[in-house]
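Just below is one structure, and these are the notes that go with it.
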Amino acid sequence: VLTFDDGPLPPYTNRILDTLKEHCVKAVFFMLAKNVRLHPRTARRVKREGHIIGNHSFSHQRLSELSIAKIKREIEKAEKVYMDILGVRPNLFRPPYGDYDRRVSKIIEEKGYKLILWDVNVEDYKSPPFDIISSGIISKTKNNNIIVLHDGSRLGNSRLQTQKALPLIIKGLKKKGYTFFYYL
């Protein structure tokens, strides 16, 4: 499963969507609701093209460091944005930084979400060269793995290297016999 965090962020999300379409691959986009609000057109394209949308919170805070009320507010504020702009309420949740504790887990469960983390992470958010990203993903991926990449950023950082790596990742994994699925 290819997953993308922290978007949408034009132009990178749009170019990633172009690549996914070209290779007939669907993905899961764990969007930051504040970025959905900033870039509704791109967020709507993700939905329109049949990708799954997951809740990644409103503003990318470490939820385990927040009070219960603030955790709920981060999740509920995000839900409102997804409903208002996209007309969907995601059922998948990925906590920012993959950071959660018992309280966060309980709240996520009570709200009807399935907690989704990842198996393969090459830290593309640090913008290493695209060939490092692609070779890392291709070499580390095993059957039924969830791959995390980043199409956006809470700080608006460039995702050019991820965008450039994506076609190589798709081609490399297909060459190894892998197929892509996007249901979790």
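Numbering follows my numbering, with no gaps: position 10 of the sequence shown is -6.
Where is the CB? At the ideal position from N, CA and C, for every residue including glycine.
Judged by DSSP in its simplified three-state form, N105 adopts strand. Excluding sequence positions up to five before and after R(-1), its CB lies within less than 6 Å of the CB of Q147, all in the same chain and listed in chain order. Inclusion of D135 and T(-3) in the CB contact set at 8 Å is warranted, their separation being smaller than that value. A residue is called buried once 16 or more other Cβ atoms fall within 10 Å of its Cβ, and G38 is buried on that count. The C-beta separation of F(-12) from L133 comes to about 5 Å, placing the pair in contact by the 8 Å criterion.
The stretch 10 to 28 and the stretch 67 to 79 touch, with three or more beta-carbon pairs separated by less than 8 Å. For F13, the enclosing beta strand (DSSP E) begins and ends at V12 to M15. If you check the CB distance, E58 and F77 do not come in under 8 Å. Looking at the backbone, the Cα of H40 and that of R29 are separated by about 18 Å. For T(-3), the secondary structure class from DSSP, reduced to helix, strand or coil, is helix. Straight across, the Cα-Cα distance linking K61 with H7 is about 34 Å. When the beta-carbon positions are compared, A11 and H35 come within less than 8 Å of each other. As computed with DSSP, L76 is found in a beta bridge with K98. Listed in chain order, the alpha helix (DSSP H) elements of length 4 or more contained wholly in the stretch 6 to 74 are 17 to 22, 24 to 32 and 52 to 65.
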